[in-house]
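Below is one structure, written out as structure tokens, with a few remarks after it.
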Amino acid sequence: MSDLPPLRTPEELAHWRNEHLASGLLDETLLTRYSHVPDLVAFIDETHPSTDGGEVTYYGLSAVIFHADNLPEIRKELEAISGRGYWHAKDEFRRPGQKRKDDIERMAAYINEKAAKPIVVFDLKKGELSEGADERKMRDYVLRSMLKHLNDEGIRDVVLDTFPKALSHNVEADKAILTRLQWDGSVDADMWIHHAQMRKEHALWAADTVVWAAQRSELGKREGDSRFIAPLAPNLHHMQARTGLKVPPVVQPEAVREANQKRRPPIFDMPTRIRQAREAKEKLEKARRDSAVKRGVNTQSPARPITPPTTRREGPTQSR
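Reminder that position 8 of the sequence shown reads as 490 in my numbering, one-by-one numbering, no gaps.
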């Protein structure tokens, strides 16, 4: 990525690279991109339930937009909700116990709060395209709609959940779609896409949660299927890929208000956790000093050089 513009000083580049590394980002391409370009980033994931015979009955893509400089904090909070370094909404729902389902709802509420722009879902149902349309054709159609929408919103950086090795040819097919859209002027020539693994970029968990919740509200048959989309409803634009029309909300306005009223204060409060960590550290250091004084040990530390703070450059509107 030597062609990236020098938007930051070497000190700022090192700072942001370390911030992203410390929050668990393991994708080298994204480490370089985020460090150099303080911009909005759209994270995209798919859902494609099928019949027992393998016929795709529904295809959806979600896009959740965060500011690159907010991603270190967002990754830590998503992992705090998950409780581990793994997340897949469908798997969480299938696990026994109510807690995991509650965690999906909490994840959705956090995403709704932190997204820098409205959350978007584009989808197709069986029969909306020509007879016999396969999964790849459905993805092509929905991805074109999504990329054009993101372009209209001023988004240039797009990160998609990648494919299993056996389906890696789809990465090139996605890039070909972008190239065609750039060639005919449908999207900006600077739009950039990258396929990443959710285990290496946890911000993709947000797109996974949104698209699963949307699919669940559309196709689920059990009572309470709108529960997981409810926290997203205030900030969700659910669109029909074929017509461009907005899908009527499954959750009624009064249900949205009730969901917001019931939202508990987030346990994933980064400032509080930082303060608690500092207080614990100060308490431990004081205990060590007191112990050293009792033992007659000199507790004076050598003076540390003062490093002047770097000047932060303002980028586009950041995530809330």
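Beta carbons: idealized from backbone N, C-alpha and C, even for Gly.
Output the distance between the C-alpha atoms of residue i and residue j, rounded to the nearest integer angstrom.
i	j	result
Lys581	Thr644	28 Å
Glu812	Ser564	Outside the displayed range of the chain (483 to 802) lies residue 812, so it cannot be described from this structure.
Val775	Glu561	41 Å
Leu512	Asn652	20 Å
Ala615	Leu606	11 Å
Val641	Leu629	11 Å
Ala678	Arg770	45 Å
Trp569	Phe575	11 Å
Ser668	Phe604	17 Å
Glu683	Glu654	20 Å
Leu718	Arg499	31 Å
Asn633	Pro531	28 Å
His549	Asp690	18 Å
Leu714	Leu553	19 Å
Met721	Val602	7 Å
Ala545	Glu537	24 Å
Leu489	Asp672	16 Å
Leu625	Ile586	25 Å
Glu705	Gly579	For Glu705, the pLDDT reaches just 46, beneath the cut-off of 50, and the residue's location in the model is therefore unreliable, leaving the point undetermined.
Ile547	Leu701	25 Å
Here's the rule: buried if 16 or more other CB atoms are within 10 angstroms of the residue's CB, otherwise exposed. What is residue i?
i	result
Tyr516	buried
His518	buried
Thr539	exposed
Glu510	exposed
Ala591	buried
Glu764	exposed
Ser801	buried
Gly447	No statement about residue 447 is possible, as the shown extent of the chain runs from 483 to 802 and does not include it.
Leu649	exposed
Ala524	buried
Glu528	buried
Asp573	exposed
Ser627	buried
Glu761	exposed
Asp434	Only positions 483 to 802 of the chain appear in this structure, which leaves residue 434 out of reach.
Pro520	buried
Asp639	buried
Glu767	exposed
Asp656	buried
Ala695	buried
Ser773	exposed
Leu503	exposed
Any idea what DSSP makes of residue i, helix, strand or coil?
i	result
Arg746	The predicted position of Arg746 is uncertain, since its pLDDT is 45 and thus under 50; a value taken from the coordinates is nonetheless stated next. In the structure shown, Arg746 sits in coil (DSSP, three-state: anything other than H, G, I, E or B).
Phe575	helix
Val845	Residue 845 is absent from the structure shown; the chain starts at 483 and stops at 802.
Ile675	strand
Pro520	coil
Ile547	strand
Arg490	coil
Leu642	strand
Glu705	Per-residue confidence for Glu705 stands at a pLDDT of 46, beneath the threshold of 50, marking its modelled position as unreliable; the derived number appears in the next sentence. Here Glu705 sits in coil by DSSP.
Lys647	helix
Val775	helix
Val538	strand
Lys630	helix
Lys599	coil
Asp584	helix
Glu761	helix
Met620	helix
Pro735	Its pLDDT being 48, under 50, Pro735 is placed unreliably by the model, and the measurement read from it follows with that caveat. DSSP places Pro735 in helix when its eight states are reduced to three.
Ile637	coil
Lys682	coil
Ile711	coil
Val653	helix
Ser453	Since the first residue shown for the chain is 483 and the last is 802, residue 453 is missing from the structure and cannot be characterised.
Gln664	helix
Looking at the strands, I want to know which residues DSSP matches up with residue i.
i	result
Gln722	Asp605
His570	Note: His570 sits in no beta bridge, so no partner.
Ile526	Ala545 and Leu642
Lys728	Met721
Would you please verify whether the beta carbon of residue i is less than 8 Å from any beta carbon of chain C?
i	result
Glu767	Absent from the structure: chain C. Only one protein chain is present.
Could you check if residue i belongs to the surroundings of the ligand FAD, using beta carbon to heavy atom distance under 7 Å?
i	result
Gln697	As presented, the structure is devoid of all ligands, the ligand FAD included, so that no description of it is given.
ask   = Between the stretch 610-630 and the stretch 489-501, do three or more beta carbon pairs fall short of 8 Å?
value = no
- Task: Determine contact between the stretch 662-674 and the stretch 706-722, defined as no fewer than three beta-carbon pairs at a distance below 8 Å.
- Result: no
Three or more C-beta pairs below 8 Å linking the stretch 722-729 and the stretch 583-598 | no
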